[in-house]
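Number of protein chains: 2
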Amino acid sequence: MVRVAIVCAYDGSGFRGFARQQGLRTVQGEIEGALERLARDPIVTVGAGRTDSGVHARHQVLHADVPERIAAEPPALCRRLQAITGRDLTVYAVSGVSKEFDARFSALERCYHYLVDDRPFPDPLLRHTVAAWPHPVSVSRMRAGAKTLLGTHDFSAFCRPRPGQSLVREVRRLAIERREGLVSFRVDANAFLHQMVRRVVGLLLEVGDGYREPEEVAEVLEGKDRSRSSRIAHPEGLTLIEVRYPARFHIPSPL
Amino acid sequence: MVRVAIVCAYDGSGFRGFARQQGLRTVQGEIEGALERLARDPIVTVGAGRTDSGVHARHQVLHADVPERIAAEPPALCRRLQAITGRDLTVYAVSGVSKEFDARFSALERCYHYLVDDRPFPDPLLRHTVAAWPHPVSVSRMRAGAKTLLGTHDFSAFCRPRPGQSLVREVRRLAIERREGLVSFRVDANAFLHQMVRRVVGLLLEVGDGYREPEEVAEVLEGKDRSRSSRIAHPEGLTLIEVRYPARFHIPSPL
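Heads up: the protein sequence lines correspond to chains A and B, in order.
Just so it is clear: in the first sequence, position 107 is 103 by our numbering, and no numbers are missing.
Just so it is clear: in the second sequence, position 255 is 251 by our numbering, and no numbers are missing.
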């Protein structure tokens, strides 16, 4: 058996998330199914980020140990996987990696992008990848609120509680800007908690539209505000755009 | 009764085309249904362009004669229509017009945009509005073939035959370029025949990927080539981006 890294992009609308679930169409399930057809044996994969139902990816990375005969030429394996998966899931690179590589634990950083259309008449042609927000938002208010989230914090206020798990993460970048009428959020962190990006964006949008004050972001982060929960931003606006690894693994870049 | 112009945009994926059809979800059917709910009487609309099943629009224009009480304030009527229609159909402007205005017959020009992804691994996040083409295409070959289509011609080779109907149209612009890895076609004409843009694009893509020669476009246009039919390009890549009217009607601009 040899280890391969598999890089893919997907439109999350037709998947019940990334992680395999018995009887449901998921990204990992589709890729494992395709590998099983080629290897004629069940193959287990490990993914970099477990995106939720409806969330997209331009650069999702998995690793798997596969029989040498199907991985002798990684570009050929990539084309065969691509031929099996559908138009909403593109396997665009496969590369041989050392056994030391782990798609989840070797990752140094994950980068997400969230897009919002806050115009009174949201563009229907963007609805698959951009979330509509019913009120115009102020980018400067959201930036003022976002500052407090940068750095290393316990982000338990931004995920479902999971006892015993460390909820400390390091947010390295949180950039908010307006581009061609849309609002774009870019969030990079060493790793993310479940629903963390969507909870952060949901809170910031409430700051942006005036329902909350920028100072309240710090109160939420410090756990002083458990009474008022924010909206979790819709999944369709969210895309995993890159997973970064040490250069020695030579993982292919995003599409 | 007063006449209004209704301007809308839609993602065509969920519609069986623009034109009303008994029992099927169509754009015209949705808008007439919404008008009927507000007017409490059936309302007939006339549209500028009958887009096919799966084809999108950023600027589709309709006219209708509606009771004065619901059209007293066009922006209010627009918001009410918008509230009724779904996320895949946005009514973004309503304006009062003279009885002389006809959404179909007053139109001076229609402009369409067609997007193609000819990369070996088409981006799944663009699949709703960009058509995948399985081979890389040459823009210069397509431009060479397209030149012959400019101007006033009988375009019967590019539509289903309809006896007794004039099939002469004037193509005023046919621009092809590569932008951010995609191939974009822009076609403006006084009016279009049924499936004309998709048949033109289908033929040009075959020229672009080397299956046909640029000179064959003239042969097809002149009707000397009926033996070999070209592919009709898929609907998801096509968007009606603008319908132009005489300035005196003050029809709202595209989104």
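For glycine and all other residues, C-beta sits at the position ideal for the given N, C-alpha and C.
With distances taken from CA atoms, which of B:E212, B:C155, B:M138 is nearest R174 of chain B?
As a working note, residue 174 of chain B is residue 178 in the second sequence. Nearest C-alpha to R174 of chain B: B:M138.
Spatial neighbours of V183 of chain B within its chain, please: C-beta separation below 6 Å, excluding the five flanking residues on both sides.
Within the second sequence, numbered from 1, the residue matching residue 183 of chain B stands at position 187. Cβ neighbours of V183 of chain B beyond the five flanking positions: Y108, L170, V193.
By the DSSP assignment, the beta strand (DSSP E) with S91 of chain B in it spans what residues?
Working through the second sequence from its first residue, we reach residue 91 of chain B at position 95. Segment 85 to 93, the beta strand (DSSP E) holding S91 of chain B.
Name, please, each residue of chain A whose Cβ falls closer than 7 Å to the Cβ of Y88 of chain B.
On the second sequence, position 92 is the one that residue 88 of chain B refers to. Neighbours of Y88 of chain B on chain A, chain order: F117.
Say whether chain B places a C-beta atom closer than 8 Å to the C-beta of H109 of chain A.
The residue given as residue 109 of chain A occupies position 113 in the first sequence. Judged by the 8 Å Cβ criterion, H109 of chain A is not in contact with chain B.
Comparing C-alpha positions only, which one of A:H55, A:S91, A:V216 sits nearest to T144 of chain A?
The residue labelled residue 144 of chain A in the question sits at position 148 within the first sequence. Nearest C-alpha to T144 of chain A: A:V216.
Beta-ladder partner(s) of L234 of chain A, from DSSP
In the first sequence, residue 234 of chain A corresponds to position 238, counting from 1. Per DSSP, A:Y110.
Report the option in A:A153, A:R165, A:Q161 whose CA atom is closest to the CA atom of G147 of chain A.
The residue labelled residue 147 of chain A in the question sits at position 151 within the first sequence. If we check each option's Cα against that of G147 of chain A, A:R165 comes out closest.
Under 8 Å, Cβ to Cβ, is there at least one residue of chain A near R54 of chain B?
To locate residue 54 of chain B, count along the second sequence from 1; it is residue 58. It does; some Cβ of chain A falls within 8 Å.
Residue-chain proximity (Y6 of chain B, chain A), Cβ-Cβ < 8 Å
Start at 1 with the first residue of the second sequence, and residue 6 of chain B comes out as number 10. Chain A contact via Cβ: present.
Quick check: is any heavy atom of the ligand PLP less than 7 Å from the C-beta of I2 of chain A?
In the structure on display, the ligand PLP does not appear, and there are no ligands present to speak of.
Does the distance from the C-beta atom of E26 of chain B to that of T81 of chain B stay below 8 Å?
As a first step, residue 26 of chain B is located in the second sequence; it is residue number 30 there, counting from the start. As a first step, residue 81 of chain B is located in the second sequence; it is residue number 85 there, counting from the start. Going by C-beta atoms, E26 of chain B is nearer than 8 Å to T81 of chain B.
Should P120 of chain B be flagged as near chain A, meaning a C-beta pair shorter than 8 Å?
Within the second sequence, numbered from 1, the residue matching residue 120 of chain B stands at position 124. It does; some Cβ of chain A falls within 8 Å.
Between the segment 90 to 97 of chain B and the segment 116 to 135 of chain B, are three or more C-beta pairs nearer than 8 Å?
no
So the beta strand (DSSP E) R165 of chain A belongs to, where does it begin and stop?
Within the first sequence, residue 165 of chain A is the residue found at index 169, counting from 1. Note, R165 of chain A: beta strand (DSSP E), 164 to 175.
Beta carbon of L104 of chain B, beta carbon of R244 of chain B: below 8 Å?
As a position in the second sequence, residue 104 of chain B is number 108, starting the count at 1. As a position in the second sequence, residue 244 of chain B is number 248, starting the count at 1. The answer is no: Cβ separation not under 8 Å.
Same chain, Cβ closer than 6 Å to W129 of chain B, five either side skipped, listed in chain order:
Mapped onto the second sequence, residue 129 of chain B falls at position 133. These residues qualify, in order along the chain: V112, D114, L201.
Kindly give me the distance between the Cβ atoms of V167 of chain B and A153 of chain B, rounded to whole angstroms, as I take these residues to be in contact under 8 Å.
On the second sequence, position 171 is the one that residue 167 of chain B refers to. On the second sequence, position 157 is the one that residue 153 of chain B refers to. Actually they do not touch by this definition, with Cβ atoms about 13 Å apart.
Run through chain B and tell me which residues come within less than 7 Å of A35 of chain A, C-beta to C-beta.
To locate residue 35 of chain A, count along the first sequence from 1; it is residue 39. Near A35 of chain A there are no residues of chain B at all, since even the closest Cβ is about 22 Å away, more than 7 Å.
Residue burial classification, G219 of chain A (beta-carbon count within 10 angstroms, cutoff 16)
Along the first sequence, read from residue 1 onward, the residue named residue 219 of chain A stands at position 223. Result: exposed.
With a cut-off of 8 Å, do at least 3 Cβ pairs link the segment 13 to 20 of chain B to the segment 42 to 51 of chain B?
yes
Could you give the residue range of the beta strand (DSSP E) that holds L178 of chain B?
As a position in the second sequence, residue 178 of chain B is number 182, starting the count at 1. L178 of chain B -> beta strand (DSSP E) spans 178 to 185.
Given that a residue counts as buried once 16 or more other Cβ atoms are within 10 Å of its Cβ, and exposed if not, what is D67 of chain A?
Taking the first sequence and counting its residues from 1, the one referred to as residue 67 of chain A is at position 71. Sequence check: residue 67 of chain A is Ala here, not Asp. By the 10 Å Cβ count, A67 of chain A comes out buried.
Please name the residues in the segment 124 to 144 of chain A whose beta-carbon is closer than 9 Å to at least one beta-carbon of chain B, in chain order.
Correct list: H124, T125, A128.
Could you please give me the residues that DSSP links to Y6 of chain B through a beta bridge?
What you label residue 6 of chain B is simply residue 10 of the second sequence in a count that begins at 1. B:A53, B:L85, per the DSSP bridge assignment.
With DSSP collapsed to three states, give me the class of A153 of chain B.
By 1-based counting over the second sequence, the position of residue 153 of chain B is 157. A153 of chain B sits in a helix when the DSSP states are folded into three classes.
Could you compute how far the alpha carbon of L199 of chain A sits from the alpha carbon of E238 of chain B?
Within the first sequence, the letter at position 203 stands for residue 199 of chain A. Within the second sequence, the letter at position 242 stands for residue 238 of chain B. If you take the alpha carbons of L199 of chain A and E238 of chain B, they lie about 37 Å apart.
For R33 of chain A, does the count of other Cβ atoms within 10 angstroms reach 16, so buried, or fall short, so exposed?
Residue 33 of chain A sits at position 37 when you count from the first residue of the first sequence. Exposed is the call here.
CB contact check: Q78 of chain A to chain B, cutoff 8 Å:
As a position in the first sequence, residue 78 of chain A is number 82, starting the count at 1. Yes - at least one Cβ of chain B is within 8 Å of the one on Q78 of chain A.
Using the DSSP secondary-structure output, state which residues sit across from T148 of chain B in a beta bridge.
On the second sequence, residue 148 of chain B is found 152 positions in, with the first residue counted as 1. BP columns for T148 of chain B point to B:E166.
What does a CB cutoff of less than 7 Å around I228 of chain A pick up in its chain, not counting 5 residues either side in sequence?
Position 232 of the first sequence, counting from 1, holds the residue named residue 228 of chain A. The residues are Q191, R194, R195, G198.
Can you find a C-beta in chain A that's less than 8 Å from the C-beta of D114 of chain B?
As a first step, residue 114 of chain B must be located in the second sequence, where it is residue number 118. Any Cβ of chain A closer than 8 Å to the Cβ of D114 of chain B would place that residue at the interface, and such an atom is absent.
Taking the straight line between their C-alpha atoms, what separation do you get for V203 of chain A and H131 of chain A?
On the first sequence, residue 203 of chain A is found 207 positions in, with the first residue counted as 1. On the first sequence, residue 131 of chain A is found 135 positions in, with the first residue counted as 1. Going from the Cα of V203 of chain A to the Cα of H131 of chain A covers about 11 Å.
Comparing the C-beta of D84 of chain A with each C-beta of chain B, is any distance below 8 Å?
Walking along the first sequence from the start, residue 84 of chain A turns up at place 88. Yes - at least one Cβ of chain B is within 8 Å of the one on D84 of chain A.
Range of the contiguous beta strand (DSSP E) that encloses V42 of chain B:
Residue mapping note: residue 42 of chain B aligns to position 46 of the second sequence, counting from 1. V42 of chain B -> beta strand (DSSP E) spans 41 to 43.
Give me the Cβ distance between V(-2) of chain A and V62 of chain A, rounded to the nearest whole Å; I'm assuming they're in contact under 8 Å.
Indexing the first sequence from 1 puts residue -2 of chain A at position 2. Indexing the first sequence from 1 puts residue 62 of chain A at position 66. Confirmed, Cβ separation roughly 7 Å.
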